[in-house]
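J.: Sequence order for the protein chains is V and S. Residues in the first sequence are numbered from 3 upward in steps of one, following my numbering. Residues in the second sequence are numbered from 540 upward in steps of one, following my numbering.
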Amino acid sequence: MAINTINGEYPEIIRDAVENFHGNQLVIVDWENHRGLGGAPNMFPLPPDMPFKALIADVLPGVFGLHADWEKIDWATVEWTIDGEEVTPNLDASLKENGVGHKSFIWLKTPGLLGYKGTLN
Amino acid sequence: MAVKKRLNMRKRYELLTRGLAWEPSYQPREKVFPYEDFEGIKITDWDKWEDPFRLTADSYWKYQAEKDKKLYAVMDSFAQNDGFLNVSDASYINALKIFIQGVSPLEYQAHRGFAHLARQFAGEGAQIACQMQSIDELRHIQTQIHTISNYNKYFTGMHDPFHMHDRVWYLSVPKSFMDDARTAGPFEFITSISFSFEYLLTNLLFVPFMSGAAHNGDMSTVTFGFSAQSDESRHMTLGLGIIKFLLEQHEDNVPIVQKWMDKHFWRSYRLLGIVSAMQDYMLTESPLSWKEGWKIYFEDNAGALFNDLSRYGIKMPKFHEVATAEADHLSHQVYSVFYAFSHAAGFQTTVPSAKKMDWLSEKYPDTFDKYYRPRWEMWAEMEKEGKRFFNGGLPLDCQVCQIPMVFTDVVNGNPMKPTHRVSEYKGDKYHTCSDGCRDIFENEPEKYVQALVPPQQIFQGNCGGETIPDVLNWYHFAADDGGEYHGSTDEKNWKKWHGEQSDSGSQEKA
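1. Determine, for I30(V), whether the minimum Cβ-Cβ distance to residues of chain S falls below 7 Å.
2. Against chain S, does T79(V) count as a neighbour if the rule is that its beta carbon must be under 7 Å from one of theirs?
3. Once the 5 residues before and after Y552(S) are set aside, which same chain residues still bring their CB inside 8 Å of it?
4. Taking 7 Å as the threshold (beta carbon to beta carbon), is G25(V) in contact with chain S?
5. Can you check whether the CB of F54(V) is closer than 7 Å to the CB of P113(V)?
6. Need the endpoints of the beta strand (DSSP E) that Y969(S) sits in, please.
7. Which residues in chain V sit within 7 Å of V626(S), going by Cβ to Cβ distance?
8. Output the distance between the C-alpha atoms of F660(S) and G38(V), rounded to the nearest integer angstrom.
9. Here's the rule: buried if 16 or more other CB atoms are within 10 angstroms of the residue's CB, otherwise exposed. What is M548(S)?
10. Using Cβ-Cβ distances below 8 Å, what residues of the stretch 988-1012 of chain S are close to chain V?
11. May I ask you to report which of helix, strand or coil DSSP gives I582(S)?
12. So which of I580(S), T741(S), T682(S) has the shortest CA-CA distance to K798(S)?
13. Using a cut-off of 7 Å between C-beta atoms, extract the partners of L122(V) located in chain S.
14. Spatial neighbours of S1041(S) within its chain, please: C-beta separation below 8 Å, excluding the five flanking residues on both sides.
15. Could you name each continuous alpha helix (DSSP H) segment of 4 residues or more that falls completely within the stretch 893-966 of chain S, going from the start of the chain to the end?
16. Could you name the residues of the same chain whose beta carbon sits closer than 8 Å to that of H754(S), not counting the 5 residues immediately before and after it, in chain order?
17. Given the structure, does Y820(S) come close to the ligand GTP, in the sense that its CB is under 6 Å from one of the ligand's heavy atoms?
18. Taking only the alpha-carbon atoms, compute the straight-line gap between H871(S) and D584(S) and give it to the nearest angstrom.
19. Note down the Cα distance separating M817(S) from G832(S), rounded to an integer number of angstroms.
20. List the endpoints of the continuous beta strand (DSSP E) containing I835(S).
21. So who's on the other strand from E87(V), going by DSSP bridges?
22. Enumerate in chain order the residues of its own chain whose CB-to-CB distance from H679(S) is below 6 Å, with the five nearest sequence positions on each side excluded.
23. What whole-angstrom Cβ distance do R806(S) and F716(S) have, given they're in contact under 8 Å?
24. What are the boundary residues of the beta strand (DSSP E) that Q788(S) is part of?
25. Since E569(S) contacts G724(S) with CB under 8 Å, what's their CB separation in whole angstroms?
26. Quick one: which chain S residues come within Cβ less than 8 Å of M52(V)?
27. Quick one: list the residues of chain S neighbouring A42(V), beta-carbon separation under 7 Å, in chain order.
28. Which same chain residues end up closer than 7 Å to W898(S) when comparing Cβ atoms and leaving out the 5 residues on each side of it in sequence?
29. Considering S106(V), what are the terminal residues of the alpha helix (DSSP H) in which it resides?
30. Where does R914(S) land, buried or exposed, given buried means 16+ other C-beta within 10 angstroms?
31. Can at least three beta-carbon pairs, one atom from the stretch 76-90 of chain V and one from the stretch 972-990 of chain S, be found at a separation below 8 Å?
32. Let me see if you follow: with CB-CB separation under 7 Å, is I16(V) close to chain S or not?
33. Please state whether DSSP places N44(V) in a helix, a strand or coil.
34. Provide the residue span of the alpha helix (DSSP H) that contains I687(S), from first to last.
35. Can you give me the C-alpha to C-alpha distance between I15(V) and A990(S), rounded to a whole angstrom?
36. According to DSSP, simplified to helix, strand and coil, what is E646(S)?
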């Protein structure tokens, strides 16, 4: 539905267009069953050409690494969804090649890890 | 010979609020009142607007002057007697920080909004009522600044609230709410502020703050609260009067008003999430839980109200049942995210005391021990190990309400599973926290795609720099404004003052 305006067309300003992020794109990551990181997903500005494995090695530990479960992750069993689709990412390929676009939402799922004392925190 | 008779109130109201205007002849009417038609609202007779209080300018000045006189006397004596030393605990002051940073600037914007309406509504009765409300709002912000400026001498975080309001990440929640209403047309603005916020929900804002202040020995805030409360009850009555006026003017107004009620109920409710965190966690002594307040002031009251409005074809606001289901979780989720990001806030947070946790268990028997107590215990353990938890990144905020996306699927019995919604607009993704916010986005995407969402603004480089200290500097936060309460300047000063009562008044903020 178009917005009613007093004068002419409503201006179109796409505030968070990817061009505004200096070569980065926004990538959102949440860790299932770990609300104890504050409760909200985290968002990172990342180069689209960054390899997926760098997300695991360099980006996420700075945030998720504060949780005691981080060290217990068995990376052979983790499951990922990107924008709602279950995927097996190619760790050596880039974010872009793995289908991670601007403002994509990634779920990290770690079966068997249920947060602090199994409370999903 | 005629005897001069005092006019009764109704007569005075009629004489002082009607027959004051004229038909413009130099300009067409639609150019004089350009905002009246574009929202699709049809007004057939402005004279049907009735102020239930029949307030006229002369009586208005008299009432307000009396109230101010009493209020300023209390404030003076509070300041002279070092009243700040008698509050329950310095951690309580964090509630006042939220108030002056988050709520008072809304009063100012409401003042601007009603001044605009007073000019743009074509009916004289409506012009006068909006003018008085505009002045009320200005009085509120003045009395709040005067009251809280006394605390600003002794505690952190209250030195530049207007600057903060325009820039700080969590203050974008109230700011974007008010900007949304202020950038809408006049009828949507008044539906948002007078009805959805003031009539439906204002008690949930004022009662917790003011009775909270009373329970925590803060008589100064109690007094400005009472002074504003009589205005608020007038605004509430007016808010209902306005809705009935709009609904009675033309049947075509009904679906438009319903849509605005739905939108602004949800916007207002989400904004009050901050109040819920303040009420349940920041008050040292909490007189009433968020859940209890919601039951009394929304569930019980709104049921009767919407029964009354049903004769116009108006229904309860959309997603009210979600808000009611969330009452068991809201404050815990919002305060958690404050705790996790308080290194970038203008107030301090801490793990609730054992006494507070027991109170929370008692008030939230179905949820606190199961879901939220373990979270606090985990964070308490981390603090004990010298690793006080702060989230190391930036959160994803909802594109509409701008609260970090902490809300969960409580309606379907999954309180640890987030309710994340995503919409597409012109090839880009937009994330919202709930069906309520998603609907608002999808009804007017052009409006929300231009929102200044704080994490995105930081990543675009528009907030003073790349590091957290750069951003805090740009916010005008000092190093000791945020973070952990234990060990903070406020706590240290508080202990010092209570150890050295004799010269407490001369202590400066460190």
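Where a beta carbon is used, it is the ideal one built from N, C-alpha and C, also for glycine. Fair warning: this is a prediction, and the values are worked out from it, not measured in the lab.
T.: According to the structure shown:
1. Cβ-Cβ to chain S under 7 Å: yes for I30(V).
2. By this cut-off, T79(V) is not an interface position.
3. Beyond the five residues adjoining it in sequence on each side, Y552(S) comes within less than 8 Å, by CB distance, of D590, R593, L594, T595 in the same chain, given in chain order.
4. The beta carbon of G25(V) does not come within 7 Å of any beta carbon belonging to chain S, so the residue lies off that interface.
5. In this structure, F54(V) does not lie closer than 7 Å to P113(V) by Cβ.
6. Where Y969(S) is concerned, the enclosing beta strand (DSSP E) starts and stops at 967-971.
7. The premise fails here: V626(S) is roughly 29 Å from chain V at the closest Cβ pair, so nothing lies under 7 Å.
8. The alpha-carbon atoms of F660(S) and G38(V) are separated by roughly 50 Å.
9. Result: exposed.
10. Going along the stretch 988-1012 of chain S in chain order, one finds V988, Q989, A990, L991, V992, P994, Q995, F998, Q999, G1000 with a Cβ nearer than 8 Å to chain V.
11. In the structure shown, the three-state DSSP call for I582(S) is coil.
12. Among I580(S), T741(S), T682(S), the Cα nearest to that of K798(S) belongs to I580(S).
13. Within 7 Å Cβ-Cβ: M955.
14. Note on S1041(S): pLDDT 41, under 50, position unreliable in the model; the coordinate value appears next. Around S1041(S): no qualifying Cβ.
15. Runs found: 893-902, 912-923.
16. Cβ within range, chain order: S627, L822, E824, S825, P826.
17. Ligands in the displayed structure: none, and consequently the ligand GTP is not present.
18. Rounded to the nearest angstrom, the two C-alpha atoms are 48 Å apart.
19. Linking M817(S) to G832(S) through their CA atoms gives a straight-line distance of about 13 Å.
20. Following the DSSP letters along the chain, one finds I835(S) in no beta strand (DSSP E), marked with neither H nor E.
21. DSSP output for E87(V) lists I84(V) as bridge partner(s).
22. Excluding positions up to five away in sequence, the list reads E646, A767.
23. By a beta-carbon distance limit of 8 Å, R806(S) contacts F716(S). Their separation comes to about 5 Å.
24. Unbroken run through Q788(S) is the alpha helix (DSSP H), 758-788; no beta strand (DSSP E).
25. Rounded, the Cβ-Cβ distance is 14 Å, inconsistent with contact.
26. None at all; the shortest Cβ gap to chain S is about 15 Å.
27. Neighbours of A42(V) on chain S, chain order: V876, P934, L935, P943, M944, V945.
28. So the qualifying residues of the chain are S825.
29. Unbroken run through S106(V) is the beta strand (DSSP E), 106-111; no alpha helix (DSSP H).
30. So R914(S) counts as buried.
31. Too few Cβ pairs lie closer than 8 Å, so no.
32. Using beta-carbon distances, I16(V) counts as an interface residue toward chain S, with a partner under 7 Å.
33. Strand, per DSSP.
34. Counted as a single uninterrupted DSSP element, the alpha helix (DSSP H) harbouring I687(S) occupies residues 663-691.
35. Annotation: I15(V) to A990(S) spans about 9 Å, alpha carbon to alpha carbon.
36. In this structure, E646(S) counts as helix in the three-state DSSP scheme.
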